[in-house]
Amino acid sequence: MSTNAPMVMNAAHNDAANFGARINLKNISETEARKLMSAEHKALGYRPPPGSLAAEAQAAASKHPQTVSHVPEEQLAQAAIEDAARIKSQRGIDGIDFSAIGEAQARKLMSEEHKALGHRPPPGSLAAQAQAAAAKHPQGAAATQPLLHDLQRAALEDAAVIEGAAANGIDLNYIGEAEARKLMSEEHKALGYRPPQGSLAAAAQAAAAKHPSASAGIDAATIAKAALEDAKKIE
Numbered sequence: 445m446s447t448n449a450p451m452v453m454n455a456a457h458n459d460a461a462n463f464g465a466r467i468n469l470k471n472i473s474e475t476e477a478r479k480l481m482s483a484e485h486k487a488l489g490y491r492p493p494p495g496s497l498a499a500e501a502q503a504a505a506s507k508h509p510q511t512v513s514h515v516p517e518e519q520l521a522q523a524a525i526e527d528a529a530r531i532k533s534q535r536g537i538d539g540i541d542f543s544a545i546g547e548a549q550a551r552k553l554m555s556e557e558h559k560a561l562g563h564r565p566p567p568g569s570l571a572a573q574a575q576a577a578a579a580k581h582p583q584g585a586a587a588t589q590p591l592l593h594d595l596q597r598a599a600l601e602d603a604a605v606i607e608g609a610a611a612n613g614i615d616l617n618y619i620g621e622a623e624a625r626k627l628m629s630e631e632h633k634a635l636g637y638r639p640p641q642g643s644l645a646a647a648a649q650a651a652a653a654k655h656p657s658a659s660a661g662i663d664a665a666t667i668a669k670a671a672l673e674d675a676k677k678i679e
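In this text, residue positions in the sequence shown follow the numbering used here: the first is 445, and each later residue adds one.
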C-alpha cells in the first residue's frame, strides 16, 4: 500500500463527514445506514467505496446497532446524491482517474474522442482535460491505468455530451466564464445538487477557464434549455 494511503483515507473520511454534515453519524441507525448505502449505490452505479458517506455511516451504525434515529428518507437520499457527486468529481469522469492517467492513455483518449466527434475535442472535453492532467505525470500510475475499452467508452460518452451541447446552441469553443456560471446555476437548480464531472455545466466551466473573457453570445433561454436537457440525461 502507498505511504500516502493513510493520508488519503483520512481526507476521504473528512470529506464524507463534511458532505454528511446534516446526517449525525453518531446517532445513525443500522436501518438508516442501509438506506444510505442503497441510495448512494444507486447514485454512483457501483458500491460506495471506503471513505464514502455510506461506508462511514455503516461503520458508525455497527458501533450502536440498537440506536433508533429518525432521519427523513428525503434527507438520506439528498446526502447520498451529494456524496456520490463528490466521489465522482474526485475520481474523474466516466471512470478516468485524472490523478493517474499517463500521456499514452491521454493521447488514445484524444484520438478516440476526435474520431467520435469528427473534429478535435474542444477545451473542457474529457480528452482535453485528460491531456492537461497527464502533462503533470506523463508516465501515469501503472496500477490504475484505464483499459482500452474504458477509454473508448468514455470518449463516446463525452462526445455525446459535446454534441448535445452543440445541438442546444452551446459552443464550448467560445463560451466565457459568465455564461458557464449561468449554465452551472441552471443545471444545479434542475438537478437539485451541483452538476457532477461529465455534465454539460462542468464541461462548460472547464472550457471557459481557457478563455474566461470570451462570449458565445448565448441567451438566457438557450442556457436554461440546455441545462434542463443535460440534467434529464444525468437523472
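Even for Gly, the Cβ is constructed at its ideal location relative to N, Cα and C.
The continuous alpha helix (DSSP H) containing His485 extends over residues 474-488. Under the three-state reduction of DSSP, Ile540 is assigned to strand. Under a 10 Å Cβ-count criterion, Gly546 is classified as buried, with 16 or more other Cβ atoms of the shown protein chains found around its own Cβ. When DSSP states are grouped into helix, strand and coil, Gln573 belongs to the helix group. Per DSSP, Val515 lies in no alpha helix (DSSP H) and is assigned neither H nor E. By the CB criterion at 9 Å, Ala658 and Gly568 fall outside the cutoff. In this structure, the CA atom of Ala671 is about 37 Å from the CA atom of Ser473. Looking at the backbone, the Cα of Glu484 and that of Gln510 are separated by about 23 Å. In the structure shown, Ile619 falls within a coil segment according to DSSP collapsed to helix, strand and coil. The beta-carbon separation of Leu570 and Ala599, rounded to 7 Å, stays under the 8 Å limit for a contact.
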